[in-house]
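Peer 1:
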Amino acid sequence: MKARLGIMIISVSNQNNRKTFNSNKPFPHIMIIKSLHLKNIRSYKEQEFFFREGTTLLSGDIGSGKSSVLLSIEFALFGLIRGSINGSSLLRHGQKEAVVKLKFQINKDEYAVERTLKRTSTGITQDKCSFTKNNETQQLTLRTKKQNPNITRLP
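One rule links them: number in my numbering = place in the sequence shown (from 1) + 122.
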């Protein structure tokens, strides 16, 4: 019997309905996650999640993949982070490579980030990263912040 997984991501679709942290100040930009594609990530051999506008809930039995979804989103946005995310915790056991592709929207701009992991003789490392904004794709290196500081400052 396969465990079922439900997903919840909070997103808001229009300017008039923005959530606020304090008083009357709306968030200047809201990221709306559209989809997440996983290949050889933890328990997922290959899976694509589509997110509707509104609120979505991550729910499921222990081991059903809730944390895998959240870790994959973090990996797509930030890459491998020393002390937080490492390749061996993401790459599916026995596989040589993995892919995470996250599609999202900020205001009216469409974005996609695709990152890959690769098993080498020395361990598991981030292999490639591409960043797409409104159908214009660029390949990024591991020195992204130095070469393209805007990747961490969207939009």
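Backbone N, C-alpha and C define an ideal beta-carbon position, used for all residues, glycine too.
Predicted model, so just to flag it, every value in this text is computed and none were measured.
Counting pairs of Cβ atoms below 8 Å between the segment 189 to 196 and the segment 250 to 263, do you hit three or more?
Peer 2: no
Peer 1: List the residues that DSSP assigns as beta-bridge partners of R214.
Peer 2: As a working mapping, residue 214 is identified with position 92 in the sequence shown. For R214, which the question treats as bridged, DSSP gives no partner whatsoever.
Peer 1: Drop a sphere of 10 angstroms on the beta-carbon of I203, count the other beta-carbons inside from all chains shown, and report buried for 16 or more, exposed for fewer.
Peer 2: Indexing the sequence shown from 1 puts residue 203 at position 81. It is exposed - the Cβ of I203 has fewer than 16 other Cβ atoms within 10 Å.
Peer 1: Please report the distance separating the alpha-carbon of N257 from that of A234.
Peer 2: In the sequence shown, residue 257 corresponds to position 135, counting from 1. In the sequence shown, residue 234 corresponds to position 112, counting from 1. Cα to Cα, the separation comes out at about 9 Å.
Peer 1: Who are the near neighbours of S252 in its chain, counting only those whose CB is closer than 6 Å to its CB and skipping five residues on each side?
Peer 2: If you number the sequence shown from 1, residue 252 lands on position 130. The answer, listed in chain order, is E236, T259, Q261.
Peer 1: Give the DSSP-derived three-state secondary structure of I207 in the structure shown.
Peer 2: Within the sequence shown, residue 207 is the residue found at index 85, counting from 1. Correct three-state label for I207: strand.
Peer 1: If you scan the segment 144 to 192 from start to end, which runs of the beta strand (DSSP E) of 3 or more residues do you find wholly inside it?
Peer 2: Contiguous beta strand (DSSP E) elements confined to the segment 144 to 192 occur at 153 to 163, 166 to 172, taking only those with 3 or more residues.
Peer 1: For the beta strand (DSSP E) that contains G245, what are its first and last residues?
Peer 2: For the purposes of this step, residue 245 is taken as residue 123 along the sequence shown, with counting starting at 1. 245 to 255 is the span of the beta strand (DSSP E), which, as asked, contains G245.
Peer 1: Thinking C-alpha only, which one of E219, E170, K225 is nearest T247?
Peer 2: Along the sequence shown, one-based indexing puts residue 247 at 125. Measuring from the Cα of T247, the nearest candidate turns out to be E219.
Peer 1: The beta strand (DSSP E) that contains K240, what's its start and end?
Peer 2: Taking the first residue of the sequence shown as position 1, residue 240 is located at position 118. First-last of the beta strand (DSSP E) with K240: 231 to 242.
Peer 1: Taking buried to mean at least 16 other C-beta atoms within 10 Å of its own C-beta, is N229 buried or exposed?
Peer 2: Mapped onto the sequence shown, residue 229 falls at position 107. Its Cβ having fewer than 16 others within 10 Å, N229 is exposed.
Peer 1: Just to confirm my understanding: we take T254, look at its own chain, exclude 5 residues before and 5 after, and list those with CB closer than 7 Å. What are they?
Peer 2: Taking the sequence shown and counting its residues from 1, the one referred to as residue 254 is at position 132. Counting only Cβ-Cβ distances below 7 Å, and skipping sequence neighbours, we find Y233, A234.
Peer 1: How is L202 classed by DSSP in three states: helix, strand or coil?
Peer 2: Counting from one through the sequence shown, the residue named residue 202 turns up at place 80. The answer is coil: DSSP assigns L202 none of H, G, I, E or B.
Peer 1: Quick one: is K223 buried, meaning 16 or more other Cβ sit within 10 Å of its Cβ, or exposed?
Peer 2: Within the sequence shown, residue 223 is the residue found at index 101, counting from 1. Buried is the label assigned to K223, since at least 16 other Cβ atoms lie within 10 Å of its Cβ.
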